[in-house]
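Take the position in the sequence shown, starting the count at 1, then add 7; the result is the number in the numbering used here. C-beta atoms are modelled at their ideal positions from N, C-alpha and C, and glycine is treated no differently. As the structure is a computational prediction, the values presented were derived from the model and not from experiment.
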Amino acid sequence: MKASRLAAAGALAASAVVVLSSPAFAHVSVQPEGTAAKGGYAVVDFKVPNERDDASTTKLEVSFPADHPLASVMPQPMDGWRVEVTRAKLAKPVELEGEKITEAVTKVTWTADGKGIQPGYFQKFPLSVGALPKDTDELVFKAIQTYDNKEVVRWIEVQQDGQAEPENPAPVLTLSDASADGHSHSSGSGSEASSAKTGNTAADTSASASASADSSDTTARVLGVVGIAVGALGVAYGVLAGRRRTDA
């Protein structure tokens, strides 16, 4: 009886965890592919789950923060979706990397050509963005999700410090610190360094193998000469021994 009660309590607790965590899982969110370093460029994915059992998501609108404008925003082509990038003049020009920026991307809109995101599925919407600001730790985007039954869900509520998570939180991109030299390095430089290191290692290995081969050849030659000398001594000894027997 006691064991069955424990099992029932455990099942109830697990169900409660699932119920409490499922809304958070269903939020529209944004994550970088790798890192999003301050002052650098990054590829970010807006992850959009379908929360309905009887409707498909057919449109996503993402508004960009006006307080930290991004001059470069490039979408990736996606089968089954049309994409539109909206730019606008800034109320106050900003300086990025020594260049004065007078306009920036304010919104990106994806519209489904086909079935969109069907029930039980999710979709990632990638963007290449930059240069990322250096004076903030995060960027807050506001997203609007539209279903084919005309229902609209607005993911625009900003999380407030010390308060519970809002029902429809806005996607937040966390920025990492730039590297020591002030730049965000791509994996290419690491690959080149790795290739150079691999090349050096291969060269060292080849040199070692060559040295080993030369050493082996020298040893073989020395052993060959010693063998010949020993053989000659053996023959001479045999001849002398034969003569002694004959003389005797």
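Own chain residues within Cβ distance below 8 Å of residue i, not counting five before or after
i: GLU164; result: PRO173, GLU174, ASN175, PRO176, ALA177
i: SER63; result: ASN57, ALA119, LYS122, GLY123, ILE124, GLN125, PRO126, TYR154, ASP155
i: ASP61; result: PRO126, ASN156
i: ILE108; result: PRO76, ALA78, LEU97, PRO100, VAL101, GLU102
Whether residue i touches residue j by CB criterion (9 Å)
i: ALA95; j: GLU110; result: yes
i: VAL37; j: SER79; result: no
i: THR143; j: LYS114; result: no
i: LYS45; j: LEU182; result: yes
i: ALA185; j: GLY47; result: yes
i: LEU67; j: GLN152; result: yes
i: PHE132; j: PHE71; result: no
i: ALA150; j: VAL90; result: no
i: THR35; j: TRP162; result: Residue identity differs from the one stated: residue 35 is Val in this sequence, not Thr. Closer than 9 Å, so yes.
i: VAL33; j: GLU40; result: It is Ala, not Val, that sits at residue 33 in the sequence shown. Taking 9 Å as the Cβ cut-off, ALA33 and GLU40 do not qualify as a contacting pair.
Buried or exposed (CB count within 10 angstroms, at least 16 for buried), residue i
i: GLY169; result: exposed
i: THR226; result: Caution applies to THR226, whose pLDDT of 47 falls short of 50 and renders its modelled position unreliable; the model cannot decide the point.
i: PRO140; result: buried
i: PRO76; result: buried
i: VAL159; result: exposed
i: ALA98; result: exposed
i: ALA43; result: buried
i: SER223; result: The pLDDT assigned to SER223 is 47, lower than 50, so where the model puts this residue is not dependable; a value taken from the coordinates is nonetheless given after this. That one is exposed.
i: VAL112; result: buried
Below-9 Å beta-carbon distance, residue i vs any chain C residue
i: ALA171; result: Judged by its chain identifiers, the structure shown contains no chain C, having just a single protein chain.
For residue j and residue i, believed in contact at Cβ under 8 Å, the rounded distance
i: LEU146; j: PRO82; result: Between PRO82 and LEU146 the Cβ distance is about 17 Å, and since that is not below 8 Å, they are no contact.
Same chain, Cβ closer than 7 Å to residue i, neighbours up to 5 away in sequence not counted
i: LEU103; result: ALA78, ALA138
i: PHE7; result: In the structure displayed, the chain extends from 8 to 255; residue 7 sits before or after that span and is not available.
i: ARG59; result: PRO126, TYR154
Contacting residues, own chain, Cβ-Cβ under 6 Å from residue i (five flanking each side not counted)
i: ASP74; result: none
Please determine if the region 76-91 and the region 52-59 are in contact, where contact requires at least 3 C-beta pairs separated by less than 8 Å.
no
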